[in-house]
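There are 2 protein chains.
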Amino acid sequence: MYIVLLSGGSGKRLWPLSNDLRSKQYIKFLSRENDSSSVCSMVQRVMDQLQTAQLSQTTIICASAGQVEMLRSQLGNVNIAIEPDRRDTFPAVMLSCAYLASKLGASPEDVVCILPVDPYTEGSYFTTLKQLAHVVEHTETEIALMGAVPTCPSTKYGYIVPGAGHKGYRKVNCFKEKPDMRYAQALIKQNALWNCGVSCFKIGNILNRLSAYGLTPDYDLIYQHYDMLPKISFDYEVLEKADNLSVVPFNGLWKDLGSWSALCEEMHDIASGYVLMDKGCRDTHVINELNIPVVSMGLKDAVIVASFDGILVADKDACDNVKNIVQDIHLQPMYEERRWGTIKTIDVSQSGEKQTVIRKITIFQGMNSSYHYHNNRDEIWTVTQGRAELIIEGSSLLLEMGGAVSIKRGQKHAVKALEEFEYVEIHLGETAGDQDINRLTFDWDAVPKTML
Amino acid sequence: MYIVLLSGGSGKRLWPLSNDLRSKQYIKFLSRENDSSSVCSMVQRVMDQLQTAQLSQTTIICASAGQVEMLRSQLGNVNIAIEPDRRDTFPAVMLSCAYLASKLGASPEDVVCILPVDPYTEGSYFTTLKQLAHVVEHTETEIALMGAVPTCPSTKYGYIVPGAGHKGYRKVNCFKEKPDMRYAQALIKQNALWNCGVSCFKIGNILNRLSAYGLTPDYDLIYQHYDMLPKISFDYEVLEKADNLSVVPFNGLWKDLGSWSALCEEMHDIASGYVLMDKGCRDTHVINELNIPVVSMGLKDAVIVASFDGILVADKDACDNVKNIVQDIHLQPMYEERRWGTIKTIDVSQSGEKQTVIRKITIFQGMNSSYHYHNNRDEIWTVTQGRAELIIEGSSLLLEMGGAVSIKRGQKHAVKALEEFEYVEIHLGETAGDQDINRLTFDWDAVPKTML
């Protein structure tokens, strides 16, 4: 039995900690299951649980390229199916199954469970996964789903309405997306279950759909031609059209930590970072990632989150809506985790057309930028740590701590870290932001170099 | 009749907007009295009111050297008695009266009113000042005080207990510092008045105290020998020992905007800076000086203040205590207003003994730094605006936009802005902060220069 963890982007439901380039599943504020004194991220917690359930050896993660470095740093050497670009869950499932078949030698008859990377759950969830596999292996069921037994008429989850029953599982009658409160109450009377987003099936049953798109179950082939798969969700393309769907009820702890109010309930500490709270605060959580203090006084049932992207201060009952409020914020993310390192934008100032931007950039050892130039800005770099090779207009230059270099607009350049390399980049130019980049090549060996 | 506005430092009652180097009286969030659509600072509002009362021509401000540039930028050409260092209010009053005598030609018989720079009040307050002067001129009263008629038994103010009454004024019986609620109620039953911190007297009556310290009423002399005056408050040294004290009641609007709850009541806007509030917020004020958004959701009766020094989130009933909570914060102020310009610390990172600090520095046109060196840090400067002359080890260098220069530890340097000059300063060194500065001279003409 294989496991695929789908690691999506989290969007803005946990703004300001999650953004387009940083996902909530990597933020460390949960307690470790087997050591409540230490802190871990959602993805670390799930992998710990899979290991306890002896499922980790056959687990892979499907994630975008931008998440690979983060996954490796949090989980070590894990198998990752890399999405070349974001194309929704149907292509991601196809890519993952192809990875299992062509990289791990899975056979068409092998069973796989697809699950989100960030369920907040307990050990019996993983026992239930094995029941799903059992149902797929031993009944006429094509796809088995997991349905959590509701503990309240929640309006936040989708529901699965079961039909005829069997021992341990039931046919799926229909799906209902997030209902209003009255409808949720009616659904619970019909024994409807919360849709946990878990699907279990035989790998061959899904991979045989590839031929319709002119593809075969070869991971590298699909990776190269990923845009031949339609941008559509697995639920819509597969589940809604399937005949033999079953649901297995799960009666344990299951939560979607997709809002601040839900997350606060499970947080390891009521405060993280540089935080001062007076004695008048009650049921208030503070997360501070900035290097200036947050002082909280006399607040009840509030959540405060401060990051380089912004500051949220909300009553816990009101914060579930943060995604809608912040959709109008179109700032460049101030903190970005990239494949090759991190970018922290620490100051932006604008006067008329003129813009000055100060960024702190870290490049991991051995990583390099593309060979590129900018049309509308000069850059001045100051090295604060490590060593790197800079190629500028084809000439090589060694950058070391304390050194500074000026790169004018139009000058082609690329940089490669000889060891972990940190520098401050000052942009002097016209408003253009990250769009002002003209890439010539990503291939370091193809960058022209003299004086080496 | 002369007016002296005493401009003290505000300490931390309005943290994080006020700090040791930045005072609340300069922050612009009040409505202008004669134009409610525009915003002004406390000191601008008082000067507007003095002008309306035709008192501005004979008004001077007593302030520390660090506040002079700010006063000039907010008020234009105003007379300022400059405190060489902070020595409490008794020396400040002596210095101010000497300024009136030796710079403005005031005679010993002329009357002066000493008042704080930041009363939040209305036009009739200034009419009452004239009544104080009248009492000093035409009765046996040596010093006349202003007492506001209490509107509630406040525990935040000092009280003046009046004795025998005259038409329009009363003898002062005694003072009571901030009482508890019950005592405040008892004081009000005795017709006690709030101490507005206003004293009115004949200039000569106070200046004749100078001889006790070996000084004469000469401003320049006192400026040079300011440390010969004792570090003591005017209240303690003069008022508490005086025989002929009177108090004139004032029956109008008078508030000390010395807490966030008091200040919010008078703020021009409920939000300033980059702020998003949802419809669930009520009676909530947000001040954001950062360039990232503050999102406020579902909060009632709260105040949120975000600055480079920190973030305060408080229930309005709880925030009066902020001074006590933040006394444990011993960070270098992140934003500093200096005589010669401003310093904004935008990033500090520490790894072991190694510290990297990034600061944005503005130097006003014509201003210069001292000639100095650092023992424990190298600096790399990048010019983002303007032109300056840098003297480094006696050699002159012109700095222009886009230029970068490296200054090693031990290298003596000084800089003078030829036009408004902005640069990014990166410190690479060991933990030392602002203490690591060895000044050789402040006198630009004494800095050794070659190649000019």
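Top to bottom, those sequences are chains A and B. Take the first sequence: its letters are residues 7 to 458, numbered as in the numbering used here. Take the second sequence: its letters are residues 7 to 458, numbered as in the numbering used here. Using N, Cα and C, we set each Cβ at its ideal position, and we do this for glycine too.
Cβ neighbour criterion (16 or more within 10 Å) applied to residue i
| i | result |
| --- | --- |
| P339 (chain B) | buried |
| H144 (chain A) | exposed |
| K237 (chain B) | exposed |
| P125 (chain A) | buried |
| G347 (chain A) | buried |
| H380 (chain B) | buried |
| C206 (chain B) | buried |
| P454 (chain A) | exposed |
| Y219 (chain A) | exposed |
| L235 (chain B) | buried |
| G368 (chain B) | Note that residue 368 (chain B) corresponds to Thr in the displayed sequence, not to Gly. Counting Cβ neighbours within 10 Å, T368 (chain B) comes out buried, since at least 16 surround it. |
| H433 (chain B) | buried |
| C202 (chain B) | buried |
| A452 (chain B) | exposed |
| T157 (chain B) | exposed |
| Y242 (chain B) | exposed |
| D449 (chain B) | exposed |
| L404 (chain B) | exposed |
| E89 (chain B) | buried |
| K366 (chain B) | buried |
| N294 (chain A) | buried |
| K18 (chain A) | buried |
| H336 (chain B) | exposed |
| D91 (chain B) | exposed |
| Q441 (chain A) | exposed |
| D249 (chain A) | exposed |
| H291 (chain A) | buried |
| G409 (chain B) | buried |
Cut-off 7 Å between Cβ atoms - residues of its own chain near residue i, not counting five sequence neighbours on either side
| i | result |
| --- | --- |
| A104 (chain B) | L213, P223, D224, Y225, I228 |
| A107 (chain A) | I209, L213, P223 |
| E406 (chain A) | V389, R393 |
| G1 (chain A) | There is no way to answer for residue 1 (chain A), as the model of chain A reaches only from 7 to 458. |
| A170 (chain B) | R176, K177 |
| I462 (chain A) | In the structure as shown, chain A starts at 7 and stops at 458, and residue 462 (chain A) therefore has no counterpart that could be examined. |
| Q55 (chain A) | E39, G129, F132 |
| N211 (chain B) | E148 |
| T58 (chain A) | G129 |
Contact set for residue i: own chain, Cβ-Cβ below 8 Å, skip 5 residues either direction
| i | result |
| --- | --- |
| G286 (chain A) | M303, G304, L305 |
| Y8 (chain B) | T64, T65, I66, L106, L110, A112, D116, V117, V118, C119, I209 |
| S160 (chain A) | A190, W200 |
| L61 (chain A) | M7, I9, F132, L135 |
Cβ-based neighbour list, residue i, same chain, cut-off 6 Å, excluding 5 preceding and 5 following
| i | result |
| --- | --- |
| A198 (chain A) | Y165, V167 |
| K136 (chain A) | none |
| Y163 (chain A) | W200 |
| L101 (chain B) | A87, I228 |
| S37 (chain A) | H274 |
Whole-angstrom C-beta distance between residue j and residue i, which should lie under 8 Å
| i | j | result |
| --- | --- | --- |
| V281 (chain B) | V311 (chain B) | No, V281 (chain B) and V311 (chain B) are not in contact; Cβ-Cβ is about 11 Å, not under 8 Å. |
| N297 (chain A) | V354 (chain B) | 6 Å |
| W387 (chain B) | Y429 (chain B) | 5 Å |
| T351 (chain B) | S401 (chain B) | That pair is no contact at about 29 Å. |
| I317 (chain A) | P22 (chain A) | 7 Å |
| V45 (chain B) | M152 (chain B) | Actually they do not touch by this definition, with Cβ atoms about 28 Å apart. |
Residue i beta carbon near the ligand NAD (any heavy atom closer than 7 Å)
| i | result |
| --- | --- |
| I86 (chain B) | Absent from the structure shown: the ligand NAD. Ligands present: none. |
- Message: Whether or not the region 305–325 of chain A and the region 29–41 of chain A are in contact is what I'm after, with contact meaning three or more pairs of Cβ atoms, one per stretch, closer than 8 Å; do they touch?
- Response: no
- Message: Can you confirm whether the region 67–74 of chain B touches the region 189–198 of chain B when touching is taken to mean that 3 or more C-beta pairs between the two stretches lie within less than 8 Å?
- Response: no
- Listed in chain order, which residues of the region 360–374 of chain B have Cβ atoms closer than 9 Å to some Cβ of chain A? K360, T362, I364, K366
- Of all the residues that make up the region 282–304 of chain A, which are near chain B by a beta-carbon distance shorter than 7 Å? L282, D284, G286, N297, I298, P299, V300, V301, S302, M303, G304
- Message: Below 8 Å, how does it come out for the region 358–368 of chain B and the region 398–415 of chain B: are there three or more Cβ pairs, yes or no?
- Response: no
- Item | Residues, ordered as in the chain, of the region 315–333 of chain B that lie near chain A by beta-carbon distance below 8 Å | D315, G316, I317, L318, V319, A320, D321, D323, A324, C325, N327, V328, I331, V332
- Message: At a CB distance below 9 Å, what residues from the region 405–416 of chain B approach chain A? Give them in sequence order.
- Response: M407, G408, G409, A410, V411, S412, K414
- Query: In chain order, what residues of the region 214–238 of chain A put their CB closer than 8 Å to some CB of chain B?
  - Reply: none
- Item | Residues of the region 98–116 of chain A whose Cβ lies closer than 8 Å to any Cβ of chain B, in chain order | none
- Query: Which residues, taken in chain order from the region 340–354 of chain A, show a beta carbon closer than 9 Å to some beta carbon of chain B?
  - Reply: M340, K350, I352, D353, V354
- Item | chain B contacts from the region 375–403 of chain A (Cβ-Cβ distance under 7 Å) | D384, I386, T388, T390
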